[in-house]
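For what it's worth, numbering that gives the first Met the number 0 labels the leading residue of the sequence shown as 0, then goes sequentially.
Glycine included, each C-beta is placed from N, C-alpha and C at the ideal position.
Report on the structure given below.
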Amino acid sequence: MTEESRDLRLKRLHMRSWRRGIKEMDLVLGRFADDQLDTLSDADVDVYDALLSENDQDMLRWITGQDAVPGHYADLFSRISRHAHGRGTAK
């Protein structure tokens, strides 16, 4: 199997960001992907890819501060949260 190119991977992650299980996370992750995905380092892209496998209800609780973000996602999710709150996407 051939390795996925960065461009194809970013396109796949962008699509997955906009097609979540709940609309709130579509808006948070989709807008982040629109504005920031191509600026992430390869290491952060790996973390973002793993993050997209998480449950949307869990991520919604993280973005609203109801639950703590797991340590391995903390830095990237902080960036996502700042982006969402800056755009008025999250309350």
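Nearest-angstrom Cα distance between residue i and residue j?
i: G20; j: D55; result: 6 Å
i: E53; j: F31; result: 16 Å
i: E23; j: L59; result: 8 Å
i: D6; j: Q65; result: 34 Å
i: D57; j: E2; result: 30 Å
i: L75; j: L28; result: 12 Å
i: A67; j: D48; result: 20 Å
On a CA-only basis, which of the options is nearest residue i? Give me that one, please.
i: H13; options: E2, A42, D41, L51; result: L51
i: S91; options: H71, M24, V44; result: There is simply no residue 91 to check, as the chain begins at 0 and stops at 90 in what is shown.
i: D37; options: D74, S77, R11, A67; result: R11
i: H82; options: D25, D34, W17, P69; result: D34
Applying the 10 Å Cβ sphere with the 16-neighbour rule, what's the burial state of residue i?
i: G85; result: exposed
i: S16; result: buried
i: S80; result: buried
Given residue i, which residues of its chain have a CB within under 7 Å of its CB, disregarding the five upstream and five downstream residues?
i: Y72; result: V46, L50
i: I62; result: V27, S80, A83, A89
Beta-carbon within less than 8 Å of residue i's beta-carbon, same chain only, minus the 5 sequence neighbours each way: which residues are those?
i: S40; result: none
Leaving out the 5 sequence neighbours to the left and right, which residues in its chain are closer than 6 Å to residue i when beta-carbon positions are compared?
i: D25; result: W17, R19
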